[in-house]
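Residue numbers 6 to 402, in our numbering, belong to the letters of the sequence shown in order. Beta carbons: idealized from backbone N, C-alpha and C, even for Gly. Presented below is the structure to which this report refers.
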Amino acid sequence: MSDRPLLMIPGPVEVSPEVLAAAAAPPPGHLAPGLVEAFARCLRAMRTVWGADASAVPMLVPGSGTIAMEMAVCNLLAPGDQALVVNSGFFSSRMAEMVRRRGARVEQVTADPGAHPEVDEIDQRLGRLSAAGDAAKVLFATHVDTSTAVRVDAQRLAEVGRKHGALVVFDGVCATAGERLEMSAWGADLVLTASQKVLGTAPGVALLMLSEKAMDARRRLGSPPPLCLDFLSWLPIMNAYEAGEKAYFSTPPTSLIMGLDASFEAMTRDLDGWFDRHERIGHAMRAVWKSIGLEIIPASEEIAANTLSAVRYPDGVDATLCAKIAARGVVVAPGLHPKMADRYFRVGHMGDVLFHPAKLRRTIEAICGGLGDAGYSVDVGAALDAFDSAAANESVQ
Ligand code: PMP
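If you want it as structure tokens, here you go:
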């Protein structure tokens, strides 16, 4: 076992040696030719990974996932506007709070932890708002809720959002590049994420893809957002970089852009294989939990995310489990949903680590060992067999 703990939380995640080397070089200037080229490649790769057509606008700005969420809210909503939030957990509630602070009005459709609101319910709620002359301008949803590992049906939500004339926004922080997405074909208007999750780079870059309709909505907005969050501040910069020209509004995180470029390069070499790997490993990790008698938080396999697992503590085991696993050299995360944070733990399985089965096996061994230390003995051999056979329908070398 190496001395460095393995970081298996749902972001930040393990970073590949190629990304690390690219980001660890002396920071380039924001106008340096190498940076401009890397920036342009990242913006182009974003279109491919998001499934976005040529009319969409990719943006890479300094910041976190939360900043990307704030940009979505304050560029699309003015005070007084109506929004609907599909609340599937912790981060959907954050989105609703941002809408409120913008002075806009928010309705929420909620679900029990481990479930998500049904699409038909969203359809009906949007219909009722329209019938009352108060149509929702924006429909927000969290593609994968990191607090419960629940994935919503983004394609169907986009469909009902469009049907009712709402802009459709997905927080893809724990999903984008790990869960399949066809942003333009599905008709979504904004999908955002951050660099430290599936994109496998250090935290610090917020990434957004906007439809033409989203950009138009910003142009028509009566109440401009703060300058540094304004799509219109960044649009000419993104246009210039994508055309291979230098530009300046506010200094981008140049080292992180170099890292992202390396990450996108690896991902887009075989994007279908990359998504497939996320599906297969997600499934294999769930097979592991089942083989050792643990239950997952998502109510069904169908809505369980591929990028992380949220796993209930078995009887007799409590939140000290994470420390026991950490003592075995693997860092996993405790629960996060406010209604039940002390009842489960979370394991990230996204990005480059999926191409290193030895690290995944080390994670499984540490979790099984930690469970044993907590008094819940499991058969680690059975867990590893479950992983291997579920992961093996193609070589996971
Ligand atoms: N949304 C989701 C779904 C997330 O998982 C996170 C981070 N865990 C965020 C938003 C916020 O991102 P950040 O921590 O980069 O601000």
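query: Measure from the alpha carbon of R36 to the alpha carbon of each residue in D266, A252, G321, then state which is nearest.; result: Per the sequence presented here, residue 36 reads as Leu, with Arg not at that position. Of the candidates D266, A252, G321, the one whose C-alpha sits nearest the C-alpha of L36 is A252.
query: Assuming P122 and T153 are in contact, meaning their beta carbons sit under 8 Å apart, how far apart are those beta carbons, in whole angstroms?; result: So it is not a contact: roughly 13 Å between Cβ atoms.
query: Which one or two residues does DSSP pair with G353 in a beta bridge?; result: L313
query: On a CA-only basis, which of A193, V178, L186 is nearest K168? Give me that one, please.; result: A193
query: Which residue's Cα is closest to the Cα of G108: I14, S21, S228?; result: S228
query: For A120, tell me which candidate among R348, A309, A346, P15 has the shortest Cα-Cα distance.; result: A309
query: With DSSP run on the structure shown, which of helix, strand or coil describes F254?; result: coil
query: At a cut-off of 7 Å, would you count F175 as near the ligand PMP, judging by its Cβ distance to the nearest heavy atom?; result: no
query: Examine the ligand PMP and report whether any of its heavy atoms sits within less than 7 Å of the Cβ of G34.; result: no
query: Output yes or no for whether 8 Å exceeds the beta carbon distance between V20 and D281.; result: no
query: Is it right to say G340 is buried, meaning 16 or more other beta carbons lie within 10 angstroms of its own, or is it exposed?; result: buried
query: Just the C-alpha distance for T53 and S382, rounded to the nearest angstrom, thanks.; result: 45 Å
query: DSSP three-state call for T147: helix, strand or coil?; result: strand
query: Are the CB atoms of T147 and G94 nearer to each other than 8 Å?; result: yes
query: Output needed for G209: all residues of its chain with C-beta closer than 7 Å, excluding positions within five of it in sequence on either side, in chain order.; result: P67, S200, P258, L261
query: Could you compute how far the alpha carbon of A379 sits from the alpha carbon of T198?; result: 36 Å
query: Would you check whether the ligand PMP has a heavy atom nearer than 7 Å to the C-beta of F96?; result: yes
query: Tell me the DSSP secondary structure of E19 in three-state form.; result: coil
query: Throw me the rounded Cβ distance for the I286 and L186 pair, which I believe falls under 8 Å.; result: Contact flag wrong, Cβ pair sits at about 18 Å.
query: Could you name the residues of the same chain whose beta carbon sits closer than 8 Å to that of L409, not counting the 5 residues immediately before and after it, in chain order?; result: Only positions 6 to 402 of the chain appear in this structure, which leaves residue 409 out of reach.
query: Just the C-alpha distance for M263 and D347, rounded to the nearest angstrom, thanks.; result: 38 Å
query: I'd like to know whether the C-beta atoms of Q87 and R105 end up nearer to each other than 8 Å.; result: no
query: Take G386 and list the residues in its own chain whose beta-carbon comes closer than 8 Å to its own, dropping the five residues that flank it on each side.; result: none
query: Within the same chain, show all residues whose beta-carbon is closer than 6 Å to that of T368, passing over the 5 residues directly before and after it, in chain order.; result: M13, V335
query: DSSP puts M214 in a beta bridge; with which residues?; result: P63, V196
query: Counting only the same chain and skipping the five closest in sequence on each side, list residues whose C-beta sits under 6 Å from that of M76.; result: L234
query: Looking at the structure shown, is Q113 part of a helix, part of a strand, or coil, going by DSSP?; result: strand
query: Would you call T206 buried or exposed, if buried means 16 or more other Cβ atoms sit within 10 Å of its Cβ?; result: buried
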